[in-house]
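**Q** When the letters of the sequence shown are read in order and numbered with the working numbering, they come out as residues 532 to 797. Even glycine gets a Cβ: it sits at the ideal position worked out from N, Cα and C. Computed from a predicted structure; not experimentally measured. Mind having a look at this structure? Questions to follow.
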Amino acid sequence: MLSRVISAIVGALILIFVIFLGGWVFKIALMLVALVGLFEFYSVVQRGKIKLINLVGFISAVLIFIATDFNMRDSIFFILLITIIFLFMVSIFSKKYGFNDIMITMLGLVYPTLSFITILLISKVAFPINNLALILLFLLTWSSDTFAYFSGKLLGKHKLSPDLSPKKTIEGAVGGVIGPIAIGMICWAVGNFYFNFSIDWYHFLVIGLICGIFSQFGDLSASFIKRNYDAKDFGYIMPGHGGILDRFDSVLFTAPLTYIYFTLVL
Numbered sequence: 532m533l534s535r536v537i538s539a540i541v542g543a544l545i546l547i548f549v550i551f552l553g554g555w556v557f558k559i560a561l562m563l564v565a566l567v568g569l570f571e572f573y574s575v576v577q578r579g580k581i582k583l584i585n586l587v588g589f590i591s592a593v594l595i596f597i598a599t600d601f602n603m604r605d606s607i608f609f610i611l612l613i614t615i616i617f618l619f620m621v622s623i624f625s626k627k628y629g630f631n632d633i634m635i636t637m638l639g640l641v642y643p644t645l646s647f648i649t650i651l652l653i654s655k656v657a658f659p660i661n662n663l664a665l666i667l668l669f670l671l672t673w674s675s676d677t678f679a680y681f682s683g684k685l686l687g688k689h690k691l692s693p694d695l696s697p698k699k700t701i702e703g704a705v706g707g708v709i710g711p712i713a714i715g716m717i718c719w720a721v722g723n724f725y726f727n728f729s730i731d732w733y734h735f736l737v738i739g740l741i742c743g744i745f746s747q748f749g750d751l752s753a754s755f756i757k758r759n760y761d762a763k764d765f766g767y768i769m770p771g772h773g774g775i776l777d778r779f780d781s782v783l784f785t786a787p788l789t790y791i792y793f794t795l796v797l
């Protein structure tokens with residue numbers, strides 16, 4: 532437990548430092564985290580056997596990051612299309628790779644790669660305070676994890692999904708939704724008092740609701756993948772937490788939906 536708390540604090544401090552540095556430091560750090568996450572995904576779904584065909588996935592992931600950073604978002608479609616055409620060509624001329632290898636490689640470009648891409652997109656969102664959109668995303672998402680954990684510990688009686696995550700409870704899930712909504716409203720109140728936000732309070736409520744609900748679906752989806760391939764964790768890079776995907780699983784679901792809300796509603 533102590534190692535988990537220490538690694539969480541260290542990780543949070545590094546994250547805040549990198550976010551506020553911004554620029555190329557943030558972009559390169561995010562891309563490296565995404566590539567490690569992609570490596571973990573391929574390792575689990577292929578039981579630790581990274582196949583040569585996955586190199587195509589890593590190269591495509593880097594190209595998608597570059598295209599996104601230079602606002603060439605239309606290019607992402609063509610990168611994915613060319614990638615799948617190339618993978619089929621490789622499979623046709625090589626007996627080592629089958630249809631499942633192609634699908635797993637392509638899936639890795641959607642989950643987790645495109646989800647990490649939306650974090651980069653959120654960093655470009657105009658907000659009353661620089662980097663607030665990113666801080667809000669991580670704060671509300673991970674506060675959902677925290678509130679769900681303690682609500683489940685104190686009040687949990689009814690299992691939420693015993694097959695995927697035996698320790699999760701319905702009471703914990705409810706706490707995991709209420710928590711980020713409350714934190715979101717506190718953020719709005721503090722920001723409005725000190726910085727006179729031009730953003731209405733209910734937007735923070737909705738973002739808190741999005742993070743509260745979908746962070747838990749992200750967590751359960753990661754558990755679904757690990758259970759399916761008989762893996763306890765995606766990796767071991769963070770003591771007490773597992774791998775990159777074990778720490779970012781909830782963010783990978785909340786980031787895309789939060790970005791959609793930022794761009795379509797705000």
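For T700, write down the residues that DSSP places opposite it in a beta bridge.
**A** To locate residue 700, count along the sequence shown from 1; it is residue 169. Its beta-bridge partners are K690.
**Q** Using only the alpha-carbon positions, how far apart do V564 and K626 sit?
**A** Counting from one through the sequence shown, the residue named residue 564 turns up at place 33. Counting from one through the sequence shown, the residue named residue 626 turns up at place 95. Roughly 32 Å separates the two Cα atoms.
**Q** Here's the rule I'm using: 16 or more other beta-carbon atoms within 10 Å means buried, otherwise exposed. How should F735 be labelled?
**A** Position 204 of the sequence shown holds residue 735. So F735 ends up on the buried side.
**Q** Just to confirm before moving on: does the CB-CB distance between A664 and I653 stay below 8 Å?
**A** For the purposes of this step, residue 664 is taken as residue 133 along the sequence shown, with counting starting at 1. For the purposes of this step, residue 653 is taken as residue 122 along the sequence shown, with counting starting at 1. It is a contact, given that the beta carbons lie within the stated cut-off.
**Q** Who pairs with M603 in a beta bridge, going by DSSP?
**A** Position 72 of the sequence shown, counted from the start, is the residue given in the question as residue 603. Paired residues: none, contrary to the question.
**Q** Specify the secondary structure class of G553 as computed by DSSP and reduced to three states.
**A** As a position in the sequence shown, residue 553 is number 22, starting the count at 1. Three-state DSSP puts G553 in coil, outside helix and strand.
**Q** Quick one, which of I744, K763, T794, L795 has its alpha-carbon nearest L783's?
**A** As a position in the sequence shown, residue 783 is number 252, starting the count at 1. The shortest C-alpha separation from L783 is found at I744.
**Q** In terms of DSSP beta bridges, what is M634 paired with?
**A** Here the question's residue 634 lines up with position 103 in the sequence shown. For M634, which the question treats as bridged, DSSP gives no partner whatsoever.
**Q** In terms of residues, what are the limits of the alpha helix (DSSP H) holding N759?
**A** Translated into the one-based positions of the sequence shown, residue 759 becomes position 228. Looking at the DSSP string, the run of the alpha helix (DSSP H) that includes N759 is 732-759.
**Q** Mind checking which residues open and close the alpha helix (DSSP H) that includes I791?
**A** In the sequence shown, counting from the first residue as 1, residue 791 sits at position 260. Note, I791: alpha helix (DSSP H), 782-795.
**Q** At which residues does the alpha helix (DSSP H) containing D777 begin and terminate?
**A** Looking up residue 777 in the sequence shown gives position 246. Here the alpha helix (DSSP H) through D777 covers 775-779.
**Q** Within the chosen definition, does the segment 684-693 reach the segment 636-646 through at least 3 CB pairs nearer than 8 Å?
**A** Segments in contact, no.
**Q** Taking buried to mean at least 16 other C-beta atoms within 10 Å of its own C-beta, is W555 buried or exposed?
**A** Position 24 of the sequence shown holds residue 555. Exposed, because fewer than 16 other Cβ atoms sit within 10 Å of the Cβ of W555.
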